[in-house]
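To start, the structure itself, in structure tokens.
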Amino acid sequence: MNLPDYFIADLPAEAVITPRMIAESCDSLRRNREQFLTHRSTDWMIGVLCHAAEQWLEPGFPLRKLALNHGPAATGFSSETLARGLDTFFRQFTQENFEALLRQDLGHLRCLDKPSAPNRDEQHARLSLARGPELILHFTAGNLPIPALMSMTLGLLTRSSQWVKCASGGAFIPRIYAHLIYHVEPKLGACLELGTWPHERQDLNEPLLTTADFITATGSDEAIADIRARVSPKARFLGYGHRVSFGFVSAAVLAHGHARRVATRVAADVSAWDQLGCLSPHAVYVEEGGAASPEQFAELVAEELAAREQIQPRGTLPLPESAAIASRRSFYEIRSAHTPGTRLWCSPGSTAWTVVYESNPHFQHSCLNRFLYIKSARNLEEVLQGADDIRRSVSTVGLAAPEEQAERLATELARWGAARVCPIGKMQEPPLHWRHDGRPALADLITWTDWEF
Amino acid sequence: MVRAVAENQPGRNQNRMCSDNSIGAFIARLKGVMAVHPVAGIDSDSHFNTLAMELFSLQSEHNPIYRLLCERSGKTTRTVSHWSEIPTVPTSAFKEWDITSIPTGERSRWFCSSGTTDQRPSRHLHSTASLSIYEHSLWPPFQQHLLPEGCAFGQGLSWISLTPPSHLAPHSSLIHMFSTIRARVEPASFHWCSRVGPSGDWELHPQEVLSALNEACAKQTPVVLLGTAFLFLNLLDAMDAPVTRLHLPPGSRILETGGYKGRTRSVPKAELHSLLCSRLGLPQSNIITEYGMAELSSQAYDRICGHKAGTPLHFPPWARARIISPETGVEAMDGKAGLLQIFDLANVHSVLAIQTEDLAVRRGDGFELIGRQPRAEARGCSLMAP
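Chains as they are written, first to last, in our numbering: chain A, 7 to 459; chain B, -17 to 368.
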């Protein structure tokens, strides 16, 4: 593959990485930050990020072509899924969106540049300067690349130098992003480092954990707990653990032949990143009593997933993942033969997509990779009872409801504990200023200096 | 309509089960086959196929759950002509349904999967008749692989099982197998070295094992050590402090069987065997791996005791393994990995065609296990509604 050896992650697999190399890279990052990054303005940084996104979105841009050509082998996603997911992400990179994020999280556009008065503080004779960490260490997850890209973007906004320790098999797209940054602004690229190594090489994590003043980690709850335990008391830690998401389709929205349109959007949510993200739905609940029954709706979703497969095929799966789908399918084949409240639709001759309809409203974890449960429920209250086991780990609820119902349903979901409610079809497309797991992701990186006068 | 037959006419099915002796006739023939072909292959695929198709026909007739599956999938005796096309039942189905043709009143025993974190274990129901086949089926391959010198040779050995005794774990098919072997061999000494803890876990008493091993060493009586990989690991842990090394009498042997299902700790098989060799002082050629499960009635083995060259796992002639691509359902080529299916003619009263959750590589007419597909149940997400 034609990427220059600029980052440690670019080195060939046989290259020997030592703790000393890692420690030296941390020193370089801090020096480069001081020299190239600390005094840059927010406007300049937003300009660089927007320019990087424009470059990415150019069809002939070499890094894009490289990512989409080599991505399927490196990541397991089809080229179409990668293009759709990454384009959606980079289209968010606009001046307006970055400003909205800064205003929302920090209260003022300039507070990273100079003492400013967020939240009308001028009335209180105080100005505040926001500072990012000197060196952020990110431990990223391997399932999909967007959280890593988002973490890197927030780190750039705060003018931090960053070390991205990628999960095994999860370095490809973060590397592409780092090279994209390097391409548009080499000095900014000099404030980034990336690498990947097996879990056993804890000796390589040590210099990072002792040097970084801020550590973020995305992954399983066990992985987060493991890293948290090794963070020095002087450093701050931000962990994003395992989250699950589901959808709710109200009966009223299925009137006037709209069921097909909603089913298309469900298929888009399931196909985005092959359903592997925390924001992807495991199940979609359909309220009974609509123009289409939940079972009929499930059949429509199956048709839409089949159609989606033609334009955005699912990636090739490793054996254990396809075996998990095959095993579940054979279980539901028997259950559907014996239980009127269960039906199964599958892609023929492959595991590309699966829809299981169940009248039982108990929430069911999917084995993912485009394996969706459609469940029927009398109303939202029954949904929330059925999903009570996962209440504390719910990220997103995709909602399809008429305008007059939406606010009531969203309020009910929020009070129940959902961190995000969004339209069905947009579950894997959170806006740049979304609050990650209900927290202001940019603000959480910041330390404030208050100047009282 | 199909459902109405299953639910509303159980009496009819049961009467047929009771009055029809064709299952009995099949059992008699199968036991004959086991006697004639205890270890070498049934002479041809067509012979196996004839038996499998006959059993498939009986099971789709007498097993209501299975019959519905066959009808719904369009794979019935009218459309299936080769054993490899017989519809398989996933092991997970044994958790939700009683997959059996045994009438309710004759279900005297069941075996369930052990050591997992499942909310509901598999239940493989047995009757006196089905247990009799189980016991018939387990002996020839066990003798061939563990006691190639013959049954009488086993009587002079010291037998140590790392598991609890049968009365403490009546639903373990593995322990029933060990009990059956014990009854067959009638050895001079047989030790059970685990108890069952409050949570149902098997708790090894390593001192009992070490004391029995030391006694055998003193008397120079060869030992047969039976246990699961996890229990062997427990034993090795106990031999760490203080570090204990034994040199078991020549002729000693180990039967190690499956896995670490749901356990917090595991070591690769080669490493476990190497540790056993060095700590117990016996050659690699005397460690035999067995593969079986509660939902089966036959077991596979990888080596004949004393043979230096290990072989892939093989079932006895009345059971066959098939490795399929989970993606396409097509049989894997030699050397390729896939999902393991087992066609076990000794599963007379349940279903002969089982879809396991194990991943394996096809090696000629045998197979090599490479693990268990990890998703869902391992994460504690049972498919069962509460």
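Every residue gets a Cβ at the ideal spot worked out from N, C-alpha and C, and that includes glycine.
Considering only beta carbons, the part of the region 386 to 404 of chain A lying closer than 9 Å to chain B consists of D395, in chain order. When rounded, the separation of the alpha-carbon atoms in L108(A) and T322(A) is 39 Å.
Going by DSSP, P446(A) is part of no beta strand (DSSP E) at all; its letter is neither H nor E. With the rule of 3 Cβ pairs closer than 8 Å, the region 403 to 420 of chain A does not count as touching the region 360 to 379 of chain A. The beta carbon of S336(A) falls within 8 Å of a beta carbon belonging to chain B, placing the residue at that interface. F172(B) and P204(B) have their C-alpha atoms roughly 12 Å apart.
Pairwise C-beta distances place the region 229 to 236 of chain A out of contact with the region 252 to 264 of chain A, as fewer than three of them are shorter than 8 Å. Taking a 10 Å sphere around the C-beta of F212(B), we find 16 or more other C-beta atoms and assign the residue as buried.
As the crow flies, the alpha-carbon of P103(B) is around 51 Å from that of F99(A).
By the criterion of at least three beta-carbon pairs nearer than 8 Å, the region 318 to 338 of chain B is in contact with the region 63 to 79 of chain B.
Chain B places no beta carbon closer than 8 Å to that of I380(A), leaving this residue out of the contacts.
Collapsing the DSSP output to three states places Y12(A) in coil.
Per DSSP, the continuous alpha helix (DSSP H) segment holding D219(B) begins and ends at 211 to 220. According to the DSSP secondary-structure assignment, Q168(A) is paired through a beta bridge with I142(A), L198(A). Sixteen is the threshold: since fewer than 16 other Cβ atoms of the shown chains lie within 10 Å of the Cβ of R207(A), the residue is exposed.
In the DSSP annotation of this structure, the continuous segment of the beta strand (DSSP E) that includes L350(A) starts and ends at 348 to 352. Separation of A282(B) and E272(B) (C-alpha to C-alpha, rounded to the nearest whole angstrom) is 6 Å. By the neighbour-count criterion, in which 16 or more other beta carbons inside 10 Å mark a residue as buried, R398(A) falls on the exposed side. Interface criterion not met: the Cβ of I163(B) is under 8 Å from no Cβ in chain A. Close partners of H57(A) in chain B (Cβ separation under 9 Å) are lacking, with about 41 Å as the shortest Cβ gap.
Excluding sequence positions up to five before and after H130(A), its CB lies less than 6 Å from no other CB in the same chain. Residue-level contact by beta carbon fails for E315(A) and chain B, as no gap is shorter than 8 Å. D395(A) counts as exposed, since fewer than 16 other beta carbons sit within 10 angstroms of its beta carbon.
Counting along the chain, the unbroken alpha helix (DSSP H) around Q110(A) starts and ends at 101 to 112. A distance of 8 Å or more separates the beta carbons of L74(A) and D93(A). Chain A has a Cβ within less than 8 Å of the Cβ of E309(B). When the beta-carbon positions are compared, S401(A) and R271(A) stay at least 8 Å from each other. With a beta-carbon spacing of about 22 Å, L217(B) and P180(B) fall beyond the 8 Å limit used to define contacts.
Runs of the alpha helix (DSSP H) lying entirely within the region 350 to 409 of chain A and spanning at least 4 residues, in chain order: 386 to 392. In the DSSP assignment, P72(B) is bridged to Q337(B).
Residues of the region 65 to 93 of chain B whose Cβ lies closer than 8 Å to any Cβ of chain A, in chain order: T70, V71, P72, S74, A75, E78, W79.
Of the candidates A301(B), S234(B), L341(B), S234(B) places its Cα closest to the Cα of L139(B). Apart from sequence neighbours up to five positions away, the residues of its chain that approach G175(A) with a beta-carbon distance below 7 Å are G148, ordered along the chain. Secondary structure at Q323(B): strand, using DSSP grouped into helix, strand and coil. Using a Cβ-Cβ cut-off of 8 Å, R54(B) counts as an interface residue toward chain A, since at least one Cβ of chain A sits closer than that to its own.
Only residues of its own chain outside the window of five on either side were considered, and among them E294 have a CB closer than 7 Å to the CB of R384(A), listed in chain order.
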